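Read the structure below first, then the notes.
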Amino acid sequence: RRVSSIPGTTPKEVTIEKDKVYKTDEWMNTPSTILSAIPRRLHLQQDHPIAITRQLIESRFPNYKCHNTLFPVVTVEQNFDSLGFPADHIGRSRTDTYYLNKDTVLRTHTSAHQADTFRANESAGYLISADVYRRDAIDRSHYPIFHQMEGAMTWDRDSLDASTSLKQAVWADVAKIPAHSIDVEDASPTSHPERNPLQECHSAEEVEAIAAHLKRSLEDVVVAIFNAASRAAVAAGETPASPDEPLKVRWVEAYFPFTSPSWELEVFWQDDWLEVLGCGIVKQDIMSHAGVPNRLGWAFGLGLERIAMLLYSIPDIRLFWSTDARFLSQFSSAAPIRRFVPFSKYPTCFKDVSFWLRSSSSAAGGLSRNALSPVDFHENDVMEIARDVCGDLVEDVRLVDEFVHPKTGRKSLCYRTNYRSLERTLTNDETNQLHERFRQQLVEKLGVELR
Ligand code: FA5
Ligand code: MG
41 RRVSSIPGTT PKEVTIEKDK VYKTDEWMNT PSTILSAIPR RLHLQQDHPI
91 AITRQLIESR FPNYKCHNTL FPVVTVEQNF DSLGFPADHI GRSRTDTYYL
141 NKDTVLRTHT SAHQADTFRA NESAGYLISA DVYRRDAIDR SHYPIFHQME
191 GAMTWDRDSL DASTSLKQAV WADVAKIPAH SIDVEDASPT SHPERNPLQE
241 CHSAEEVEAI AAHLKRSLED VVVAIFNAAS RAAVAAGETP ASPDEPLKVR
291 WVEAYFPFTS PSWELEVFWQ DDWLEVLGCG IVKQDIMSHA GVPNRLGWAF
341 GLGLERIAML LYSIPDIRLF WSTDARFLSQ FSSAAPIRRF VPFSKYPTCF
391 KDVSFWLRSS SSAAGGLSRN ALSPVDFHEN DVMEIARDVC GDLVEDVRLV
441 DEFVHPKTGR KSLCYRTNYR SLERTLTNDE TNQLHERFRQ QLVEKLGVEL
491 R
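Under UniProt numbering, residues 41 to 491 are what the sequence shown spells out, in order.
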């Protein structure tokens, strides 16, 4: 039984893990390939690099409570509303998010559990690791399922003794975080009245202290990862990245609907800045709605794949899903981190497909001005069809040409697909057949006209 996101047949209900049944409606856009991957839970698999990376980070937060088994199906309220996402936020659209029905989604981030975890109020600090789901591009660092770790730390105004202010209590905690000697670029002010404002209920001194605790905690994680990766490089007989190539990290201003001010941490990796996490001071509204109005603090969300790729030098995000022993046997939680040794790289096969977008003019046969706009086209639909047809045999799909006909106004796109297996050489026949099915599905599901 195939479930398609784009026009086609959708089942009346879906059952996830034997007993969780969800009624579907016209919002349903989750393909069976995604549903069937839900039980994999790579972050809990013994000796899987995602699980080892999780444990390494958890070890840097000794007193935080870890939640590692929260269920991936959540309400729109949990994923978006509880976090203050505006009603028209792009993240809510069916082109970006997997829905089961109007009110139910596969979580797009671990922040979906923030409000509930603050409400439970079991510990000052917590970590949540989990699988998350997004309709997204296809390339070596993006996959429709990945893993995030959320972290938060809060302080309670009520539990301070009369002689200690909140900011003093926070600075006392900052002093307990191990010092490091890496070079951190942090060019922006902690807050900025327009770009990155303080919340009215927080003083600048409080935010300064909480931001210091947040940044120092996360820098400590990056240093631990980097040290482990350097030891792995030495063990592999290579020159470690340090000291000739010291670790470079930087803080940049960011925006999230549920934190203010907000920042992102980037690491310089393979000649470019790689975003590894987003974070900020939790919006006080979330605390109030969660029944803990007197708590305040920080939260972060990081991509475990991004960190694991840095840690082990893993070149392609699809590898994490491999069940090939040549991949899995290279990782062990009992041994020191070792660099991943790629098994031979199999040949690539590039193929292009060009097509005219369906336009309302071709549907209606008229030529009014707005009739020329492409109807309902979103690139993520192309990506999903590629995934659906090719599974992990597609490495990369990218737009290589775009063209608007000067007379008819019709738009033509050309996508280049790179077919490559991580495990073997594909035959010409195989890639030809995959590409032909990809082309046909584009016509059937998106109504495009091949050129
Ligand atoms: C978030 O998801 C926020 N929930 C993070 C957050 C939490 C902010 C708490 C503030 C407070 P973002 O969409 O940027 O933010 O994703 C966070 C991290 O997930 C990214 O920095 C990146 O490391 C990783 N990530 C995002 N998209 C992908 C993807 N398609 N594949 C792999 N990793 C990804
Ligand atoms: Mg981001």
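The C-beta atom is built at its ideal place from N, Cα and C for all residues, glycine as well. Note that the structure is predicted; figures quoted are calculated from it, not measured.
- Selection P297, L490, K385, D226 evaluated against D356 yields K385 as nearest (Cα-Cα).
- Sorted by position in the chain, E315, G318 make up the residues whose C-beta lies under 6 Å from a heavy atom of ligand 2.
- Here N103 carries a coil assignment [DSSP, helix/strand/coil].
- Counting C-beta pairs closer than 8 Å gives three or more between the segment 244-258 and the segment 198-207, which meets the contact rule.
- Around the beta-carbon of H475, 16 or more other beta-carbon atoms lie within 10 Å, marking it buried.
- Between A268 and E345, the alpha-carbon positions lie close to 16 Å from each other.
- Under the three-state reduction of DSSP output, A374 falls in the coil class, being neither helix nor strand.
- Within 7 Å of the C-beta of Q188 there is at least one heavy atom belonging to ligand 1.
- Boundaries of the beta strand (DSSP E) harbouring S394: 389-396, taken from the DSSP string.
- Separation of the CB atoms of R460 and T388 is rounded to 5 Å, and the pair is thereby assigned contact status at 8 Å.
- From the listed residues D171, T194, D179, the smallest Cα separation to I185 is found for D171.
- Counting C-beta pairs with one atom in each stretch, the segment 289-299 and the segment 211-230 have three or more that are closer than 8 Å, which means they touch.
- Between V316 and L336, the gap from beta carbon to beta carbon reaches 8 Å or more.
- Rounded to the nearest whole angstrom, the CA to CA distance from H83 to S353 is 18 Å.
- For L75, the secondary structure class from DSSP, reduced to helix, strand or coil, is helix.
- If one requires a minimum length of 4 residues, the alpha helix (DSSP H) runs lying completely within the segment 90-144 are 116-119, in chain order.
- The residues P286, K288, in chain order, have a CB closer than 7 Å to that of D223 in the same chain once the five nearest residues on each side in sequence are set aside.
- L466 and R235 have their C-alpha atoms spaced approximately 50 Å apart.
- Residue environment analysis places Q473 among the exposed positions, since fewer than 16 neighbouring C-beta atoms fall within 10 angstroms of its C-beta.
- Per the coordinates, the alpha-carbon of K142 lies some 42 Å from the alpha-carbon of A264.
- Taking the Cβ atoms as the reference, Y173 lies roughly 6 Å from I74, within the contact range of under 8 Å.
- Secondary structure note for W211: its alpha helix (DSSP H) is the uninterrupted segment 206-214.
- Each residue's CA atom was taken as its position, placing E463 and R427 some 17 Å apart.
- If you look at M68, you'll find it isn't in any alpha helix (DSSP H); DSSP assigns it neither H nor E.
- Here DSSP, grouped into helix, strand and coil, assigns T471 to helix.
- Checking the 7 Å criterion, the Cβ of L342 is within range of a heavy atom belonging to ligand 1.
- Counting every other CB atom within 10 Å of its CB across the protein chains shown gives E53 a total below 16, marking it as exposed.
- Secondary structure note for C241: it is in no beta strand (DSSP E), with a DSSP letter that is neither H nor E.
- DSSP, read as helix, strand or coil, puts E234 in coil.
- In this structure the segment 366-377 does not touch the segment 178-193; the number of beta carbon pairs closer than 8 Å is below three.
- Put simply, the segment 115-131 touches the segment 142-157. At least three CB pairs are less than 8 Å apart.
- Taken atom to atom, the span from the alpha-carbon of R271 to that of R398 is near 54 Å.
- Contiguous beta strand (DSSP E) elements confined to the segment 291-362 occur at 299-309, 312-322, 335-343, taking only those with 3 or more residues.
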